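Read the structure below first, then the notes.
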Amino acid sequence: MRKIGWCITGAGYFLHETFDVMEKLARTHSVSCFITSAGERVVRIYELRQKLNKICPGNYYREVILESEQEPSFPIAGRFLRGTYDALIVSPASANTVAKIIAGIADTLVTNAIAQAEKGGVPIIIVPSDQIGVKKTRLPYVINREICLKCEACTIIALCLYEAIVLSDGLPKIDLTKCEGCGVCLKKCPHGAVTFGQRVTVAPRKIDIENVKKMRKNKNYVVLNSPKKIPKTLSKVL
Ligand SMILES: Cc1cc2nc3c(=O)[nH]c(=O)nc-3n(C[C@H](O)[C@H](O)[C@H](O)COP(=O)(O)O)c2cc1C
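My numbering numbers the first residue of the sequence shown as 156 and each following residue consecutively.
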């Protein structure tokens with residue numbers, strides 16, 4: 156069975172699509188996930204932690220490797236130099252990670268994995284979150300201030316197990332640095348003031364589009380405009 160090192164960064168865009176593809180590929184490939192600290196948080200916010208554990212149950216070649224649990228110099232990234240994995244996929248790749256790749260910076264688990272994979276000649280497939288064509292993204296849990304009735308005893312502040320809902324200027328607000336994506340607030344607000352997955356229009360920054368263009372010119376990377384294209388591309392590079 157072919158072995159894939161799958162890098163996940165802190166991008167909400169393409170995250171659900173990435174997980175759908177990853178789940179399918181994990182039936183025929185061994186998938187290990189390398190996740191940045193921001194990625195770990197975003198995976199939780201979008202309620203994907205359980206799905207991740209099913210895809211990577213923990214045995215060798217099917218592990219979840221968290222940046223937050225690694226040493227700063229990321230010796231584990233050396234696996235990409237030693238030929239442990241047959242391919243490296245970065246999906247979704249945040250604008251931050253793309254900028255670092257372009258600048259040759261390796262200071263996170265994922266940028267180090269990429270640096271080592273390049274040195275080791277491992278095929279690298281990248282799906283940037285912020286690129287031309289990206290128009291709509293989904294918001295995480297949000298409290299709609301127009302619907303919120305500012306109840307004196309706010310039900311969801313009391314019910315949130317992670318103390319992720321706090322009062323700010325007299326209004327409840329979700330602290331995404333604490334949110335675990337459990338969805339209790341969505342179900343329990345008596346006024347339906349919490350939304351999840353609301354679609355909003357986004358315009359990628361010029362600099363991010365330029366960075367993706369530069370990345371496409373580098374022969375070491377195969378850059379895709381959707382996670383759906385990963386399986387076909389993978390079968391070509393393996
Ligand atoms: C809920 C949420 C969604 C985000 N979605 C994106 C995104 O789609 N694209 C992006 O470039 N950054 C996004 N970010 C910001 C990144 O997480 C942030 O830039 C982070 O520093 C990226 O770090 P990393 O590249 O090491 O993973 C999001 C942040 C949050 C909290």
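Backbone N, C-alpha and C define an ideal beta-carbon position, used for all residues, glycine too.
Predicted model, so just to flag it, every value in this text is computed and none were measured.
Local conformation of residue i per DSSP, three classes
i: Ser223; result: helix
i: Phe229; result: coil
i: Ile302; result: coil
i: Ser284; result: coil
i: Val355; result: strand
i: Cys340; result: helix
i: Ser249; result: coil
i: Arg217; result: coil
Closest Cα partner of residue i within the set the options
i: Thr239; options: Gly259, Ala268 and Arg196; result: Ala268
i: Tyr216; options: Lys158, Ser249, Val176 and Val265; result: Lys158
i: Arg234; options: Pro382, Arg371, Val277 and Cys334; result: Val277
i: Leu243; options: Lys383, Tyr376 and Ile260; result: Tyr376
i: Glu318; options: Gly325, Val176, Glu335 and Pro382; result: Glu335
i: Ser223; options: Gly165, Asp324, Ile287 and Val378; result: Gly165
i: Val245; options: Val297, Leu316 and Ile385; result: Ile385
i: Phe351; options: Ile320, Arg371, Ile311 and Leu294; result: Leu294
i: Val198; options: Pro227, Glu178 and Gly167; result: Gly167
i: Arg371; options: Ile298, Leu393, Ile279 and Ala272; result: Ile279
i: Lys374; options: Ile364, Val186, Val392 and Lys383; result: Val392
i: Cys303; options: Ala258, Val357 and Leu322; result: Leu322
Residue i classed as buried or exposed, judged by whether at least 16 other C-beta atoms fall within 10 angstroms
i: Asn366; result: buried
i: Lys290; result: exposed
i: Glu190; result: Per the sequence presented here, residue 190 reads as Ile, with Glu not at that position. Buried, because 16 or more other Cβ atoms sit within 10 Å of the Cβ of Ile190.
Cβ-heavy atom distance, residue i to ligand 1, below 7 Å
i: Ala250; result: yes
i: Tyr376; result: no
i: Pro382; result: no
i: Leu331; result: yes
i: Ser228; result: no
i: Gly173; result: Residue identity check: residue 173 is Thr in the sequence provided, not Gly. No - ligand 1 has no heavy atom lying nearer than 7 Å to the Cβ of Thr173.
i: Thr131; result: Since the displayed the chain opens at 156 and closes at 393, residue 131 lies outside it and no answer follows.
i: Ala258; result: no
Strand pairing of residue i, partner residues [DSSP]
i: Arg196; result: According to DSSP, which records beta bridges pairwise, Arg196 is partnered with nothing at all.
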